[in-house]
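In our numbering, the protein residues as written are 36 to 266.
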């Protein structure tokens, strides 16, 4: 998938699922469950908790890429340096997301032909990220200041595409989109690790549908009731 295809899918779906702490053995079930709910953009975060954590992350990315191909729009998250960028792209990542702003990571990501989404919080950081070549600028933790902060940023910076991460719920997802975000990154509120461990993948599908409906501005309660009626 080329850069423009990745960006188009992100804009269309509006949601990037943040998959953190999921073992490779369960990653396929998570991906299928999210896709069934309408979310195919998935960020597999680099696990820095242990020495072997990053390798497990690259294995998960490679496993998904080999088995699901372009059915998933696959990225790597919590990428902190250029070596992690290279390894993630080699494993099959279409885009690189970071919690911080690193010029080397942005430049290398673009050199490798991938989509760059670095993390920022202030207007100065957002402008610098975009100047360095970011395709989308991640705002983290967006939930601390809410959609009004996005609106304030978009006033002087209407040309910068933002992705809000942190504190997003089905109920406020539409508010962040209407405030000017092109996409939203959603972690534990969408990919519940207890549900994953207990293999309740249907819970993930239901959550994906609710988030997709919220981001699209649909009435979430009605969507939820319709799904219950079908079960």
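Glycine is no exception: its CB is placed at the ideal position from the N, C-alpha and C atoms.
Ranked by Cα distance from residue 48, the options 227, 226, 209 and 233 are led by 209. Taking residue 248 as reference, the option from 118, 37, 219 and 188 with the minimal CA-CA separation is 219. Cβ neighbours of residue 207 within its own chain (closer than 8 angstroms, five residues either side excluded): 181, 182 and 249. 8 angstroms or more divides the Cβ of residue 66 from the Cβ of residue 36. Looking from the CA of residue 84, the closest CA among 78, 170 and 92 belongs to 92. Per DSSP, the continuous beta strand (DSSP E) segment holding residue 78 begins and ends at 76-80. A Cβ-Cβ contact shorter than 8 angstroms links residue 196 with residue 172. Secondary structure at residue 114: coil, using DSSP grouped into helix, strand and coil. When DSSP states are grouped into helix, strand and coil, residue 51 belongs to the strand group.
Residue 128 places its beta carbon less than 8 angstroms from that of residue 111. In terms of Cβ geometry, residue 143 and residue 113 do not form a close pair [threshold 8 angstroms].
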